[in-house]
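Below is one structure, written out as structure tokens; the observations come after it.
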Amino acid sequence: MSILPSFLRSLALTTLLSFIAPVLLVSTLLTAICVIGYVPGLATIGNSGTAQLLDFLAAFGTGCPLQGIFVIGLTCSLVGALFDTYAFYHYRSFNS
């Protein structure tokens, strides 16, 4: 039986989840900071937090925060794929 289909399925799922996780984390954080900005006493904290997070993302995206989110997501998906490949190789080499 070929192990290639199970490896590719595992690799695709790991890559997809490793991309989605940081994108959702940053999006949730940005949404939470924006919502904090609508609270009357915390508007300054919300506005400055949003500006700082967007500046942080712009540093990774050559000036565009959306590109920054994609760069972080792609980097995490690459790391996840490399780790899954290592774990698959490690499992196959010690259990054969």
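Take 5 as the starting number for the sequence shown in our numbering and just add one per residue. We put the CB at the ideal spot given by N, CA and C, even for glycine.
Asked: For Leu17, the nearest candidate out of Val43, Asp88 and Arg96 (CA to CA); Found: Asp88
Asked: For Cys68 and Gly77, the rounded distance between their alpha carbons; Found: 14 Å
Asked: Tyr90 in three-state terms, based on DSSP; Found: helix
Asked: Neighbourhood of Ile40 by C-beta, 8 Å cutoff - its chain only, sequence neighbours within 5 removed; Found: Leu46, Ile49, Gly50 and Gly53
Asked: DSSP three-state assignment for Val39, whether helix, strand or coil; Found: helix
Asked: Beta-carbon proximity list for Ala85, same chain, < 8 Å, skipping 5 on both sides; Found: Leu15, Thr18, Thr19 and Ser22
Asked: Per-residue DSSP class, three states only, for Thr79; Found: helix
Asked: Local conformation of Gly72 per DSSP, three classes; Found: helix
Asked: Alpha helix (DSSP H) segment containing Ser52, residue limits; Found: Ala47 to Phe64
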